[in-house]
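Have a look at the structure below before the remarks.
Protein chains: 2
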Amino acid sequence: MAEKDNKHEHCCLEQHNHKELIESVSMDMPEEEVLYDLAELFKVFGDTTRIKILYTLFESEMCVCDIAEVLNMTQSAISHQLKVLKQAKLVKNRRDGKQIIYSLDDGHIANIITMGIEHIME
Amino acid sequence: MAEKDNKHEHCCLEQHNHKELIESVSMDMPEEEVLYDLAELFKVFGDTTRIKILYTLFESEMCVCDIAEVLNMTQSAISHQLKVLKQAKLVKNRRDGKQIIYSLDDGHIANIITMGIEHIME
DNA sequence: TAAACATATGAACAATCATTCATACAATAA
DNA sequence: TTATTGTATGAATGATTGTTCATATGTTTA
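So the protein sequences, as listed, match chains R and W.
First residue of the first sequence: 1, per the numbering used here; consecutive thereafter.
First residue of the second sequence: 1001, per the numbering used here; consecutive thereafter.
In structure tokens:
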């Protein structure tokens, strides 16, 4: 294997074994792709509008227009965010005549949000 | 109370009771401040560098320089992100001579990340 | 068919963010 | 004290993001 480029300049005078440390960390560190997907997922939860949409859909499935009314936002803004939520597989939709009905698409959503609530409540 | 401004233009012809819907949604919707804090928390998880730092600290407490070496990033970049993690109360630190030792500051971290992993694994 | 309705989407803009660079601060060693 | 080491931080920059506006797509009604 080739030498890795060291972005950090040096390191503190090591009483501990750096090689062992780096090895054991990279053992348990997930693949880069998993880390990326994980961050992308949490990014989706990192916006109040999307959190509100999820809370709204906890109540019941709903068409885009209803969500917009409930949250007092434009149809366009909601539609854009629903697309993000759908790409993250957090919501799904179905057509009912002219309307598109959105609903939650994952059982973990409530758990993830609950965990977050528990943390901020200390 | 004054009239609420309607950002959405109108709404789909309502077979269902909008007032009831809006009422029951706003019943279960958390306070704006909670929603904001919640989104801020998930935002912190929404970056691969910070996720990597958390995974690193799962292994053991560590000084800034070690984290930088393990992740092959500059001390400055790590330090900036540790500040974000600390503000979110996800890590804490203590001084040991010249070094600042960082460690995890919350029991929910592993659970939140695990939930995320479970979702992306479908 | 044309008109109305519900939703989706591309472009534009302002706001936010992660990293880099330079430098400041704090503790120890000489 | 001065030099060195470990960390923090402000400014600058390029990249990303949420909303708005205008418009396109798809469905139903007249």
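Where is the CB? At the ideal position from N, CA and C, for every residue including glycine.
| query | result |
| --- | --- |
| I'd like the span of the beta strand (DSSP E) that includes W/Asn1093, first residue to last. | 1091-1096 |
| So, under 8 Å CB-CB, W/Glu1059 and R/Val34 are touching, yes? Tell me the CB distance rounded to an integer number of Å. | About 17 Å; that fails the 8 Å criterion. |
| Nearest chain R C-beta to W/Asn1111 closer than 9 Å, yes or no? | yes |
| Could you give the residue range of the alpha helix (DSSP H) that holds R/Ser60? | Looking at the DSSP string, R/Ser60 is not in any alpha helix (DSSP H), and its letter there is neither H nor E. |
| On the CB-based measure, 16 or more other CB atoms within 10 Å of its CB, does W/Ala1110 come out buried or exposed? | exposed |
| Beta-carbon separation of W/Val1091 and W/Leu1057 under 9 Å? | yes |
| Please classify R/Met121: is it buried, with 16 or more other beta-carbons within 10 angstroms of its beta-carbon, or exposed? | exposed |
| Would you mind working out which of W/Ile1053, W/Gly1116, W/His1018 sits nearest W/Arg1081, comparing C-alpha positions? | The residue you asked about is not Arg; residue 1081 of chain W is Gln in the sequence shown. The residue with the shortest Cα to Cα distance from W/Gln1081 is W/Ile1053. |
| Which of helix, strand or coil does DSSP assign to W/Leu1013? | coil |
| Flag this pair as touching only if the segment 1037-1056 of chain W and the segment 1112-1120 of chain W have three or more C-beta atom pairs under 8 Å; answer yes or no. | yes |
| Indicate whether R/Ile117 and R/Glu61 have their beta-carbon atoms separated by less than 9 Å. | no |
| Are R/Tyr36 and W/Thr1049 close, meaning C-beta to C-beta below 9 Å? | no |
| Could you spell out the range, first to last residue, of the alpha helix (DSSP H) harbouring W/Asn1111? | 1108-1120 |
| For a contact defined as C-beta to C-beta under 8 Å, what are the partners of W/Ser1024 on chain R? | Glu59 |
| Given this structure, state the Cα-to-Cα distance separating R/Leu21 from W/Val1070, to the nearest angstrom. | 8 Å |
| Please list the residues of the segment 68-85 of chain R that have a C-beta atom closer than 9 Å to any C-beta atom in chain W, keeping them in chain order. | Ala68, Glu69, Val70, Leu71, Asn72, Met73, Thr74, Gln75, Ala77, Ile78 |
| Measuring straight from C-alpha to C-alpha, what distance separates W/Asp1066 and R/Glu40? | 26 Å |
| Does the Cβ of R/Gly97 have 16 or more other Cβ atoms within 10 Å, making it buried, or fewer, making it exposed? | exposed |
| Out of W/Gly1046, W/Gln1075, W/Thr1074, W/Val1064, which one is the CA nearest neighbour of W/Arg1094? | W/Val1064 |
| CB-CB under 7 Å to W/Ser1103, same chain, minus the five flanking residues each way: which ones, in chain order? | Leu1057, Glu1061, Val1091, Lys1092 |
| I'd like to check one pair, W/His1119 with R/His108: are the Cβ atoms closer than 9 Å? | yes |
| I need the straight-line Cα distance from R/Met27 to W/Glu1023, nearest angstrom please. | 50 Å |
| Who are the neighbours of W/Gln1099 on chain R, taking C-beta pairs under 7 Å? | Cys12 |
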